[in-house]
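Number of protein chains: 2
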Amino acid sequence: MNITEFVERSIGRWRSQRSAHHLAFGHFEAIQSVIDIVAMTLDDPAVVDLCKSYNIDTKAAVSPFRMSWDGQSDWDENEVLKGSCILVPVPDRDRPNRGKLLRDQGYAETMAAAGDYYLTEDDTFVLVTAYDRAAAEEKIWFVNPNVRCRVSLIKTSAGTGIVTASFSSEIRQEIKN
Amino acid sequence: MNITEFVERSIGRWRSQRSAHHLAFGHFEAIQSVIDIVAMTLDDPAVVDLCKSYNIDTKAAVSPFRMSWDGQSDWDENEVLKGSCILVPVPDRDRPNRGKLLRDQGYAETMAAAGDYYLTEDDTFVLVTAYDRAAAEEKIWFVNPNVRCRVSLIKTSAGTGIVTASFSSEIRQEIKN
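In order, the protein sequence lines correspond to chains A and B.
Throughout the first sequence, residue numbering follows the numbering used here, covering 1 to 177 in sequence.
Throughout the second sequence, residue numbering follows the numbering used here, covering 1001 to 1177 in sequence.
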């Protein structure tokens, strides 16, 4: 599977159950949300701007998409877990299974970030993103066309400490018109 | 990483946080447990018996171990989540990264089961076990020497339906004498 196929399979509306394990405290957090993943075009001004901000030629980019989420945590029901971001894969020229993923806004920190991704031989998408004071490692794979799993780890940047480990099971929803 | 290294890295006591997502109902279950993984020897009578029951020569087996768990779920605090099983890897002769994993008692169903395992290029252990009416798929990987992640999926055997997806983060505990 290449990144284009991976993005194609991800397009749609997903109902997500996410469990976050806050490891230092042994706490569990449960988050339910709806995630929309929508294909964009390479000539969309928002995609062009994002590429420009990273000095990337849009000709090197493939399969840009927008991801939106709207959820609720059992920790604080008043907290709004809502947002969206634009993601643009930029495959390596020489290694088609690897590349950069540009993002106009991260969800670990609300700032722009570029991560490094690769696809494994068993079709797992792995994304590593370094932030100022933390690093995020994410694995996403399809169990079948309508079920995705996602494991996200937030690590301290200076070492191997894991702060949060979270797991999402995502089920494709039909969108009724 | 081969299966012997994988087992070696797993030996010890682990504090586990597990979240189970019961997908049909959108339910979350939180389980906290202590897991002990202890090396056994190939001449241990329990290992010899297990190999015999599968018609496997113990010379073909490597790194047998016993796994015990003792936990509590937030669904039913009176339920005892306690047990142990013996596991015996039997690598394929021709493909060292694949093999069978014999188990004297499964945890999806309390019966003996032999699963098929493989190790991916990025050191994830994948185990697929077929039961009478269900199939279990498990992925385990080390984030660092003291943190393991484990994703388990229980599927209906006749199709692609996923019944439960669960995620464990496991942190190595020091054992004080």
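Backbone N, C-alpha and C fix where the C-beta goes; we use that ideal spot for every residue, glycine too.
These numbers come from a predicted model, not from an experiment.
Asked	Found
CB of residue 1101 of chain B within 7 Å of CB of residue 1115 of chain B, strictly	yes
Backbone CA spacing between residue 1007 of chain B and residue 45 of chain A [nearest angstrom]	51 Å
Of the residues B:1053, B:1138 and B:1076, the one placed nearest residue 1130 of chain B, counting alpha carbons only	B:1138
Identified DSSP bridge partners for residue 1060 of chain B	DSSP lists no partner for residue 1060 of chain B.
Interface flag, residue 72 of chain A vs chain C, CB-CB below 7 Å	Of the chains in the structure shown, none is chain C; the protein chains are A and B.
Ranges of the alpha helix (DSSP H) found wholly within the stretch 1009-1097 of chain B, counting only runs of at least 4	1045-1053
Closer than 7 Å to chain A by CB, residue 1147 of chain B	yes
Spatial distance of residue 55 of chain A from residue 1093 of chain B (CA atoms)	51 Å
Environment of residue 1099 of chain B [buried if 16+ CB atoms lie within 10 Å]	buried
Burial state of residue 1011 of chain B (16 or more Cβ within 10 Å)	exposed
For residue 161 of chain A and residue 128 of chain A, the rounded distance between their alpha carbons	15 Å
Residue 1169 of chain B - DSSP class collapsed to helix/strand/coil	strand
Cutoff 7 Å: residue 1182 of chain B Cβ touching any chain A Cβ	For chain B, the structure presents residues 1001 to 1177; residue 1182 of chain B sits outside this window and is missing.
Interface residues of the stretch 1010-1030 of chain B facing chain A [CB-CB below 8 Å]	1015, 1017, 1019, 1021, 1023, 1026, 1028 and 1030
Pairwise C-alpha distance: residue 4 of chain A and residue 86 of chain A	15 Å
Continuous beta strand (DSSP E) stretch holding residue 1174 of chain B: start and end	Unbroken run through residue 1174 of chain B: none, as it is neither H nor E.
Neighbour flag for residue 122 of chain A against chain B, beta carbons, 7 Å	yes
Nearest-angstrom beta carbon gap, residue 61 of chain A and residue 90 of chain A [assumed within contact, 8 Å]	5 Å
Cross-chain neighbours of residue 1153 of chain B in chain A, by beta carbon under 7 Å	143
Contact set for residue 48 of chain A: own chain, Cβ-Cβ below 7 Å, skip 5 residues either direction	58
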